[in-house]
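Here is the structure we will look at, set down as structure tokens.
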């Protein structure tokens, strides 16, 4: 006698994932590696989700489940985190994520016009990707580069002091496959490569780009010109132990 | 009398490859470690207390006092967390610091962690600054290899691990308890206080959370002595700070000066308001600090004086807007920002920003009535001091202050049937002489 | 954390403060919102819940604090739900402070801007804290609407489980539900998602809100955001009559509130009993009540005539039953564990007085002589271990007990104790169940049948079983010979206290009422002549049978063999019994079967007389909880034709007496029985000693066979969950669990292909079942399956617990046409 069980299943059936959606063993190992960096594994969740984006181009169900599995928390909790932070994307992101700052200062300084121009030029709306999958356009909030307003970020690299024309040039070059450099950083990598760095797996571009952009040096330059400095140390400069009192 | 500008944190930003360990050490970097290791940790705390250093993240809480709150008899591990989630609109000082000289921060972390007896520290850096993260990662790696981090640092027996943690896009994580939530892999929603992080912070353990600039200031205090630091600035706002000028000024950028400098002085240094225009309104410390006007140009930019002028020093994020700028448009945009960034935890901020945005948007389009201004102010009254954290308070600042200073401009939108300003005129690439 | 946390000394740790001008003294650490209740001020609130950690999220409870007790006030209104009282504090609530009143009105206005105006069609309407507080603390008209505001909208309700629906528009994001799920139930399958005004409660799309406690989230929702599929649109709160009751699904005695309308129960809610279930009940206690409303309810007496059951009047049925029993010769009584203590007493008295036998057993499940001895020596009349004791104990040992499935209220208590870090749960079990993990419990793995050794190992000081510990013994432990004796010995050696936790609501009451072959009512041992004499005198009969009676298994055997001729069966499901086939055979062999039942069953089908009995809603009664707490309840519905078992037995007894057999029972009503039980009182003589008895023949293990471990999951195919499909749909899917090595030995490959479940067929001496297989931390050579989650369950369709079964690879679910395709998760 064999029994088929008649219990009705309320649980949604997990559909078998297509092989291409499944996180490979390397990525799974790296997810565990991230969790192991921290005194408590769950601290790894934000970088782990960055790694999921790097591996899969967005936050996928497989990625959420893998994070939940590695951390021993519910997928609902991972989902709650993944939907809280705006850098996590539920739809596939293009090779280049172009963010135009439209917070007040950049907007006033031209960010609104740049964003409008790019929408027209790329024929996409906010948070949409061009048909060729190359560019995802989004308006973003203040990215801490107000002295370079209006600012655009490409894969979270600074493109300072933009104009509508320069912004169009940047996206055209990117779509044409030409190398583009951050105005204050390295040659741009892809969005997925960038996400890998955010997950804590550095690439080799740290030494590219300048120390600081011109605006960052505005005050220092004047100080140098005028010979202004901070006062001298109040301590003996012998480098030996000093009695503070 | 000190010079008008006092480069300390910014002093090596023009050095060749300043971000590298070699360049940093060449200028005496990491020398403060041995000095500190020769001191008892409590003496390091005392030195920072004596220096008068106040938190550079906006609130201005005395840093040494914060460290002193760590209960050293608590058997749990202690943690140091650097708040590098710089996201307050207008604020742009920590990002260039970490880009140009990440080792300044790393050295500050080691000194500060030593003082509070933490063996694990974190730099929680916003995720949207890829190259800064690269440089931090590299700096930490170099510091480990050089023996500035890890076990038995400089033979002192002290060990410290430092983890660079990238955030993922949430302004609220600049709030220290929300940041801890993010660092624990949770939604960045602020925690109930008490318990304060000093007692039960990261992993319910005693935790100090300090702004990048605060921690980066520590090496100079240890190296040069607290009296040196305290010799700059004003009586209650001691030391130097980075002032970030942005907007309609000829040379926007970072200006490191003693606290107490005025905006008039800074604008002069920055070459004046852009050609042919005049200052209309400005924020002293980011969008969450009430707007000020040209009448406040001579307010000393220290915690007390800006407070007395009805605003807050905040992060010294001086966003300058000239007369081509529509204040209603500016305020609406900031309000949309707060709505976007409200974490959703508490009612006044979550629902209030939703409503404020709608009321403002109608006003900006010239719809509504003058009564809507009072409605706005009443909504602000119901949010300010009623929200769970300061985000809600901050959301009301631009609205209340702009209605206070520019009520007529709001009314002009109503009489004009829309915004009377030409948005092109205010852009950086506007043709010369364009005006509203 | 300290294990010696002192309870606050209420007399000395009082704090005095002034609220709205009234001085009040409350215990230290009291929150202002609750201190205000002491002076009669209700501060409006949403996120606040006394049993959840304070969160201060909704900001509805803002009050003005002009003096924090240090002479200085707070510049801003403070959330009274997170602020502890301080000596000398001055609090002004909305009643006396304009600041507080405006702050509250402001928050209420904000809460309403995005709230839909669908109160007329909302289930919560009429009992809605938002509605009520908007009336008491809100403004009359909406400035938001007047200023042309546009509401945030969401698609109307979505299912977050088969039972629970979520209407996101109505949600005020107080997070009570998510905090309950995380903090209390340990099932964080709902969590906040998104942020800002778009924040919402959400499940993960592939992981529904499957929690045994999900109904509590619905109940504590302060708006109509969470509703149950079961109750949605069924009635209006103001049409309902509420009656307090006691949950009948386990031995925990959870207080419930039964809401009914025009003679029909519409819903059940958790009652509030701080000493028992606080404000929580399991979904089974909440939703499983429609078994009384299903079509196969028996509504009139029937007697068998010419082989067919036909309707009969009560007098005729009594008479036929009495005549049949008398003519059948020796007769026995079998009662299930679901009867009330009063009914159990009636069965116990009926057996002795009307049938002159001690052949009575309430244990309609695997049982043993050792267990009967244990119940007489260590359970009857025992007490003293309370729910609070569980939380105070440094160590709680679970032996043959899976609280989340079998005693949900105990589970919640232990989870809280563990979450506070005060209590270590240690479980002798085949594997670390989800419930055990949620209690941060430590597993002492035991192969079924080898529990004795595992229990003995707990004497090792490393386990921390001291005199402060509590040992909870589940009824399943009876299945292993010597295990109960080992538990008793563990308690004796360590000084730890021991309590027996049966599965059913009536079990403990049946022990006390004497529905056992070796026990008379009031814990009187059959073997004690003095006890029999006392009782005979009290009952006004000459003598009581002196011989210890047959237990359930022996009754079944004797019926089959012909040694017994008649049997009275009250509420027994054959598939629950030790050997369902043998039970059915015994019914077939019996010369006369009287069935007291609620619904048509295999017993009624075999019965000669069928007598309908009242469900718990139709009668007063008492359930005695595992901790010896009598939980009495009144009838919820007035249904004169619905008779309790005791009335039916009294009727048969009277007819028997008329025929000259025995004497009448001397009662007809619940009140009569209660008075009689009270007058009788407990046995005050010596307790019988524990006697393990002879070990049974050990079965020979077949080569490659596995030991069968099993227990019933909380939500399964049990007949008392019939009629509520939504509840049943939330059942945990049946799976077989084995160790990694066993898995590999069956399938030839290690476990670990994501997205694929392997199927295996488990075969025992009573049948076989094919289930998906999961790996868990079981000992090698053991397989666990749920006892009542497929077919007729393990006992009927597979094998006896602890016996040997075989496990073999079954065809892949992916192969076309497989019967189980699509049912694999």
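Chains as they are written, first to last, in the working numbering: chain A, 2 to 246; chain B, 9 to 444; chain C, -16 to 808.
Where is the CB? At the ideal position from N, CA and C, for every residue including glycine.
On a predicted model such as this, the values are computed, not experimentally measured, just so you know.
Ranked by Cα distance from residue 720 (chain C), the options C:140, C:765, C:637 are led by C:765. Restricting attention to B:240, B:217, B:248, the CA atom closest to the CA of residue 225 (chain B) is found in B:248.
Take residue 355 (chain C), set aside five residues on each side of it, and the residues of its chain with a beta-carbon closer than 7 Å to its own are 499, 500, 501, 534, in chain order.
Per DSSP, reduced to three states, the secondary structure at residue 373 (chain B) is coil, with no helix or strand assignment. As computed with DSSP, residue 78 (chain B) is found in no beta bridge at all. Annotation for residue 173 (chain B): the continuous beta strand (DSSP E) segment containing it runs 169 to 174.
Using a Cβ distance threshold of 8 Å, residue 455 (chain C) and residue 411 (chain C) do not count as a contacting pair. Sequence-distant Cβ neighbours of residue 181 (chain B) in its own chain, meaning closer than 6 Å and more than five residues away, are 93, 175, 187, 190, 196. DSSP links residue 285 (chain C) through a beta bridge to C:294, C:593.
Ranked by Cα distance from residue 97 (chain B), the first of A:93, A:146, A:124 is A:146.
A straight line joining the alpha-carbon of residue 22 (chain B) with that of residue 278 (chain B) spans about 18 Å. The C-beta of residue 181 (chain A) comes no closer than 8 Å to any C-beta of chain B.
Taking 7 Å as the Cβ-Cβ cut-off, the stretch 107 to 137 of chain A approaches chain B at 108, 109, 110, 111, 113, 114, given in chain order. A check of alpha carbon separations from residue 13 (chain C) across C:0, C:725, C:453, C:610 identifies C:0 as the nearest.
In the structure shown, residue 261 (chain B) falls within a strand segment according to DSSP collapsed to helix, strand and coil. Three or more beta-carbon pairs drawn from the stretch 153 to 168 of chain C and the stretch 30 to 41 of chain C are found closer than 8 Å, and the two stretches are therefore classed as touching. Note that the stretch 645 to 662 of chain C does not touch the stretch 672 to 681 of chain C; fewer than 3 beta-carbon pairs, one per stretch, sit closer than 8 Å. What residue 431 (chain B) touches in chain C, judged by beta-carbon distance under 8 Å, is nothing: the nearest beta carbon there is about 25 Å away. Residue 555 (chain C) and residue 321 (chain C) have their C-alpha atoms roughly 9 Å apart. As the crow flies, the alpha-carbon of residue 136 (chain C) is around 23 Å from that of residue 192 (chain C). In the DSSP assignment, residue 93 (chain C) falls within the alpha helix (DSSP H) that extends over 81 to 96. For the stretch 763 to 797 of chain C, the continuous alpha helix (DSSP H) assignments of 4+ residues that do not extend past its boundaries occur at 777 to 780, in sequence order. Chain C places a beta carbon closer than 8 Å to that of residue 62 (chain A), counting this residue as a contact. Annotation: residue 411 (chain B) to residue 61 (chain B) spans about 34 Å, alpha carbon to alpha carbon. The criterion of a C-beta distance shorter than 8 Å is satisfied by residue 593 (chain C) and residue 587 (chain C). Taking C-alpha positions only, residue 147 (chain B) is separated from residue 202 (chain A) by approximately 14 Å. Segment contact: the stretch 40 to 49 of chain C against the stretch 353 to 369 of chain B, three or more CB-CB distances shorter than 8 Å; contact assigned. The beta carbon of residue 223 (chain A) sits closer than 8 Å to those of 229, all from its chain and outside the five residues before and after it, given in chain order. Distance from residue 496 (chain C) to residue 504 (chain C) at the Cβ level is roughly 5 Å; contact confirmed, criterion being Cβ atoms closer than 8 Å.
Residues of chain B whose Cβ lies closer than 9 Å to the Cβ of residue 212 (chain A) are, in chain order, 20, 21, 22, 23, 24, 25, 26, 27, 31, 107, 108, 109.
Remark: C-beta atoms of residue 645 (chain C) and residue 343 (chain C) do not approach each other more closely than 8 Å. For the pair of segments examined, the stretch 100 to 111 of chain B was found not to touch the stretch 231 to 242 of chain B: the number of CB pairs separated by less than 8 Å stays below three. Taken atom to atom, the span from the alpha-carbon of residue 386 (chain B) to that of residue 367 (chain B) is near 12 Å. Taking the Cα positions, residue 99 (chain A) is about 19 Å away from residue 179 (chain B). Interface annotation, residue 41 (chain C): in contact with chain B, CB-CB separation under 8 Å. Straight across, the Cα-Cα distance linking residue 255 (chain C) with residue 269 (chain C) is about 14 Å.
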